[in-house]
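Presented below is the structure to which this report refers.
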Amino acid sequence: MTDQQLVHEILYGNSQKAFELLVEKYQRLVVMTCRGFLSNYADAEDLAQEVFIEVFQSLHRFRNESKLSTWLYRIAVNKSLNFVRRQKRRRIFESLDRLFSDKANGHNLHDLQNMSNGTPDGQIQIA
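Right, dumping it as structure tokens:
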């Protein structure tokens with residue numbers, strides 16, 4: 023079955039069976055695309071599932087101006103980049119939270135601001 027036939031069948035026919043065929047045909051491409059951005063294979067597989075959910079929900083917007091594989095690839099790249107951005111943001115906030123709530127060092131935000139006054143570029147080192 024061609025990609026065009028698959029899309030038509032998903033939209034107007036036996037959507038479940040046709041979608042299963044689409045997933046089977048493109049699962050490797052999507053998982054490997056996600057894997058290229060993520061260090062964890064399980065995260066890549068989870069993200070691939072999200073890609074296929076989005077594909078199913080937005081297939082009616084596919085305009086056949088490009089190959090279906092190109093469209094799937096682009097969705098996988100966008101989802102992967104968004105995932106990486108969220109992870110990076112989460113790590114930054116977790117680091118800041120640990121830094122500013124670290125009672126073991128006896129420093130709080132006010133102490134850190136005072137310590138940075140008079141140092142080049144406001145840099146401080148906490149041992």
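At position 61 of the sequence shown the residue is numbered 83 (our numbering), and the sequence of numbers has no breaks.
In this text, a Cβ means the ideal position worked out from N, Cα and C, and glycines have one as well.
Inter-residue CB distance, residue i and residue j (contact presumed, cutoff 8 Å)
i, j, result
"L81", "V29", "6 Å"
"A98", "V52", "5 Å"
Which listed residue (the options) has its alpha carbon closest to that of residue i
i, options, result
"Q79", "D25, I32, Q27, M23", "I32"
"L90", "S61, K47, K39, N36", "K47"
"S102", "T55, R113, R111", "T55"
"Y95", "N36, S61, N62, E76", "E76"
"T154", "I114, E67, L43, R107", "With the chain represented from 23 up to 149, any question about residue 154 goes unanswered, as that position is not in the structure."
Exposure of residue i, with buried meaning 16 or more beta-carbon neighbours within 10 Å
i, result
"A64", "exposed"
"R111", "exposed"
Contact under 9 Å by Cβ, residue i with residue j
i, j, result
"F74", "Q49", "yes"
"Q26", "N86", "yes"
"F59", "F105", "yes"
Could you tell me which whole beta strand (DSSP E) segments of length 3 or greater appear in the segment 34-66? none
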